[in-house]
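**Student:** Numbering (the working numbering), first residue to last: 10 to 279.
Structure follows, in structure tokens:
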């Protein structure tokens, strides 16, 4: 390389000194990022796309959480976030604290409602003298839903388990009603047999007293009444505009309720 080429090279290097310095600094930031901060970056991604995402609607109602979330998302979208990485962990902790409180509040309310439905179903099974097989078929699905609600960190999932238990209780009532129908049929058959034995004894003019079967009281069935549905039958729509429509809707609902009571059933309103 001659003197002219040496000078040109020195001139080029000198003119690009700032770019080379920036490159050196960027390289150091990048190396430091992968050596020391990459785990923090992964933690940020997991938080934004995990529990924070699923509980976003609840978190956005809290001023502290929504502010911290905004800052975290801003860092996540930066092309060169290296100088802001030290802010990630404190911001995540702020959101986590709020998220934990919200999840536990929803969990506690959901478990209270789930437990109430499980206990109501257990009492109904006991009243109906249900078999172990029927009890298991009713209670186990509800207990599994409760366990899922116990361990989930997603508010929508917890609420879904609460709704699932409500649907399971409705199914349980139908199963118990079927069981009660079977008990009633057995009692009717026993009564018919006893009456036939009595008539046979009387026709033979014997003095043998036919033993009457011991009839255990049969529990009431549960009749599900959807209030809105019954009232819509009278009006044909969702909106009531006149006193006459109100009276007609109430009369229809009253008739449905009284019919269930007169049939010997109890009523669960929906």
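Note that the Cβ used here is the ideal one computed from N, Cα and C, for glycine as well.
Keeping to the same chain, check which residues put their C-beta closer than 8 Å to that of residue 260; ignore five residues upstream and five downstream.
**Tutor:** Reading the chain shown from its first residue, position 251 is the one you call residue 260. Once the five neighbours on either side are set aside, the close Cβ partners of residue 260 are 243.
**Student:** Using DSSP with H/G/I as helix, E/B as strand and the rest coil, what is residue 234?
**Tutor:** Position 225 of the chain shown holds residue 234. Here DSSP, grouped into helix, strand and coil, assigns residue 234 to strand.
**Student:** For a test of the three-state rule: what should DSSP assign to residue 259, helix, strand or coil?
**Tutor:** For the purposes of this step, residue 259 is taken as residue 250 along the chain shown, with counting starting at 1. Three-state DSSP puts residue 259 in a helix.
**Student:** Taking the runs of the alpha helix (DSSP H) that are 4 residues or longer, which of them lie wholly in the segment 82–161?
**Tutor:** Considered as a whole, the segment 82–161 harbours 97–136 and 141–160 as its complete alpha helix (DSSP H) runs of no fewer than 4 residues, in chain order.
**Student:** In the DSSP assignment, the beta strand (DSSP E) including residue 278 goes from what residue to what residue?
**Tutor:** For the purposes of this step, residue 278 is identified with residue 269 of the chain shown, where counting begins at 1. Residue 278: member of the beta strand (DSSP E) spanning 275–278, first to last residue.
**Student:** Since I believe residue 277 is in contact with residue 128 (beta carbons under 8 Å), could you give me their beta-carbon distance rounded to a whole number of angstroms?
**Tutor:** On the chain shown, residue 128 is found 119 positions in, with the first residue counted as 1. On the chain shown, residue 277 is found 268 positions in, with the first residue counted as 1. Residue 128 to residue 277, Cβ: 15 Å. No contact.
**Student:** Are the CB atoms of residue 68 and residue 78 within a distance shorter than 8 Å?
**Tutor:** Your numbering for residue 78 matches position 69 in the chain shown. Your numbering for residue 68 matches position 59 in the chain shown. Less than 8 Å separates the beta-carbon of residue 78 from that of residue 68.
**Student:** Who are the near neighbours of residue 60 in its chain, counting only those whose CB is closer than 7 Å to its CB and skipping five residues on each side?
**Tutor:** Working through the chain shown from its first residue, we reach residue 60 at position 51. Same-chain partners within the cutoff: 108, 162 and 163.
**Student:** Report yes if the CB atom of residue 189 is closer than 8 Å to the CB atom of residue 156, and no otherwise.
**Tutor:** In the chain shown, the residue the question calls residue 189 occupies position 180. In the chain shown, the residue the question calls residue 156 occupies position 147. Against a cut-off of 8 Å, the Cβ pair of residue 156 and residue 189 comes out as no contact.
**Student:** Measuring straight from C-alpha to C-alpha, what distance separates residue 171 and residue 149?
**Tutor:** Indexing the chain shown from 1 puts residue 171 at position 162. Indexing the chain shown from 1 puts residue 149 at position 140. So the two alpha carbons sit approximately 15 Å from each other.
**Student:** Who are the Cβ neighbours of residue 228 in its own chain at under 7 Å, not counting the five residues just before and after it?
**Tutor:** Position 219 of the chain shown holds residue 228. Correct list, in chain order: 136, 137 and 189.
**Student:** Using a 10 Å radius around the Cβ and a threshold of 16 neighbouring Cβ atoms, would you call residue 239 buried or exposed?
**Tutor:** What you label residue 239 is simply residue 230 of the chain shown in a count that begins at 1. Buried: at least 16 other Cβ atoms inside 10 Å.
**Student:** Scan the segment 174–207 and note each continuous alpha helix (DSSP H) run of 4 residues or more that stays entirely inside, going in chain order.
**Tutor:** none
**Student:** With distances taken between CB atoms, is the gap from residue 103 to residue 147 smaller than 8 Å?
**Tutor:** Within the chain shown, numbered from 1, the residue matching residue 103 stands at position 94. Within the chain shown, numbered from 1, the residue matching residue 147 stands at position 138. No. Outside cutoff.
**Student:** Residues in the same chain with beta-carbon distance under 8 Å from residue 16, minus the five sequence neighbours each way, listed in chain order, please.
**Tutor:** What you label residue 16 is simply residue 7 of the chain shown in a count that begins at 1. Caution is warranted here: a pLDDT of 41 is assigned to residue 16, below 50, making its placement in the model unreliable, and no coordinate value can be reported.
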